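Some notes on the structure that comes next.
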Amino acid sequence: MAHCAVESNTITFNAAISSCEKDGKWEKALELCNLMAQRKVESQTITFNAAISACEKGEWMRALQLISRMAQDEVESNTITFSAAISCCESGGEWEKASQLFHVMEQNKVGSNAITPDSVISACEKGGQWQQALGLVEKMRHDNLVLNVITYTSVISACQKVGQRQRR
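In this text, residue positions in the sequence shown follow my numbering: the first is 46, and each later residue adds one.
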């Protein structure tokens, strides 16, 4: 059987990292990112987005490290970058980090999608931060962003959790 050599380039690494993301193999995704740097293969926004998304099951610190590395490597971040990192923070119960990322996103004039604010509100809900959640809803209304069922459900749940704790 003949062997086929595959060139190690940005495209092949991106495909491999995306595959790791889909399989939830964040360690392997980060390993591939490091290998890219060692081999001096150019990383792109899509490279980091896939690696950050691979960290979505609570590896929020790794996601934040990847965002820092993007800045160091002068790779442009985008809505997907921040949304994926905010989702990592949400999964990890890090409402403060999710809120900070959302503010950085706004400061850097990175456009938001419908999911991003909902992820921040959900992180606030999980952290019992109903005031933060309500404040973000008010900001969304002020900015004429669409409020949806997920937005309202998360805010109601955050307020409900506070009420349950106060009754105990």
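Here a beta-carbon is modelled for each residue, glycine too, at the ideal position from N, C-alpha and C. Small disclaimer: the values here were computed from a predicted structure and weren't measured.
For residue i, is the classification buried or exposed, using 16 other Cβ atoms within 10 angstroms of its Cβ as the cut-off for buried?
| i | result |
| --- | --- |
| VAL200 | buried |
| GLY137 | buried |
| ALA96 | buried |
| SER88 | buried |
| ASN59 | buried |
| ALA129 | buried |
| VAL182 | buried |
So residue i and residue j are in contact, right, with Cβ under 8 Å, and what is the actual spacing, rounded?
| i | j | result |
| --- | --- | --- |
| CYS133 | GLU101 | 5 Å |
| LEU75 | ARG107 | 6 Å |
| VAL24 | ILE131 | Outside the displayed range of the chain (46 to 213) lies residue 24, so it cannot be described from this structure. |
| ALA159 | GLU139 | Actually they do not touch by this definition, with Cβ atoms about 21 Å apart. |
| THR124 | SER157 | 6 Å |
| SER53 | ARG84 | 6 Å |
Cα separation between residue i and residue j?
| i | j | result |
| --- | --- | --- |
| ALA99 | LYS184 | 30 Å |
| LEU109 | HIS187 | 28 Å |
| GLU193 | ASP163 | Here the sequence assigns Asn to residue 193, which means Glu is not the residue at that position. Using only the alpha carbons, I get a separation of about 9 Å. |
| GLN174 | THR57 | 42 Å |
| CYS65 | PHE93 | 12 Å |
| GLU135 | GLY103 | 8 Å |
| ASP68 | ALA61 | 11 Å |
Inspect the CB distances between the segment 112-123 and the segment 131-144 and report whether three or more fall short of 8 Å. no
Would you list, in sequence order, the uninterrupted alpha helix (DSSP H) runs of no fewer than 4 residues that lie entirely inside the segment 153-193? 160-171, 175-187
Would you list, in sequence order, the uninterrupted alpha helix (DSSP H) runs of no fewer than 4 residues that lie entirely inside the segment 56-102? 71-83, 90-99
Alpha helix (DSSP H) segments (min. 4 residues) lying fully within the segment 99-136: 105-117, 124-136
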